[in-house]
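Student: Remember, my numbering sits 18 above the position in the sequence shown when you count from 1.
Beta carbons are placed, not taken as given, at the ideal position from N, Cα and C, and that holds for glycine.
Remember, predicted model here, so these are calculated numbers, not experimental data.
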Amino acid sequence: MKNNSMLMPVIVLCLIGLITTGLLAFTYDLTREARETQALALVNENRLLIFPQAVEFEAVEAGEQPAETIQEAYIAKDSSQQTLGYLYVAAPRGYAGDVPVMIGVLPDESIQGIQVLANDETPGLGKKIEAPAFLSQFTGEAVDQDFVTKADQPDQYVIDAISGATISSRAVADAINDAAEYHQSLEWEVEE
């Protein structure tokens, strides 16, 4: 009798654990498609912020990448399949982890726009790299410049880094530099 009374709570707890695990797995599987759709919509929303007139983003397949930070590359095209520009996602190391940055480059080699994607930078300081006031300094600049937070050569482009968030600011500059290097390496493959 005593054995039975001690065994019953263990069996009940195991059953509750199994049922809960099963329900959680079922719910996760049931919502997978909706989560993937939302993630794709967010990615497209970010792309359209840089190239709003684009109707297609064709993935660029390339053999060797000159920088480890390059994660994605696309050709932005309009409804008549004309090339509007190129999109690169680079994620160099910031203060609190990788900082994914989407860089739009026009066919004339100038920067169309920049979006800082989801990151773990410090709220209040590092997160200021997402502000339009910071990002707008890159728009219209030639992508092949060497963007830095502090110049040690006269031909470098010194950005207005965010006070207290120099590492995060440098991550954005590094992302642009990596995207520029990658863009130059693809020049022969990408037809305008």
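1. The beta strand (DSSP E) with T184 in it runs from where to where?
2. Between K168, V176, N137, which has its C-alpha nearest A114's C-alpha?
3. First and last residue of the alpha helix (DSSP H) that includes F75?
4. Pull the bridge partners of Y113 from the DSSP assignment, please.
5. Quickly, what does DSSP pair M120 with across the bridge? List them, please.
6. How long is the line joining the alpha carbons of L135 and M26, rounded to whole angstroms?
7. Select from Q130, R53, L143, D116 the residue whose C-alpha is nearest the C-alpha of G103.
8. Judging by CA-CA distance, which residue of A109, E127, Q202 is the nearest neighbour of M120?
9. In this structure, how does DSSP classify I88 when only helix, strand and coil are distinguished?
10. Helix, strand or coil for L143, going by three-state DSSP, please let me know.
11. To the nearest angstrom, how far is it from the Cα of G142 to the Cα of V117?
12. Can you check whether the CB of A149 is closer than 8 Å to the CB of T167?
13. Going along the chain, which residues of its own chain have a beta-carbon closer than 8 Å to the beta-carbon of Q174, five neighbours each way excluded?
Tutor: In short:
1. No beta strand (DSSP E) contains T184, which is instead part of the alpha helix (DSSP H) from 184-204.
2. N137
3. Element bounds for F75: not the alpha helix (DSSP H) but the beta strand (DSSP E), 74-77.
4. DSSP lists no partner for Y113.
5. V107, Q133
6. 51 Å
7. Q130
8. A109
9. strand
10. coil
11. 16 Å
12. no
13. Q163, D164, F165, V166
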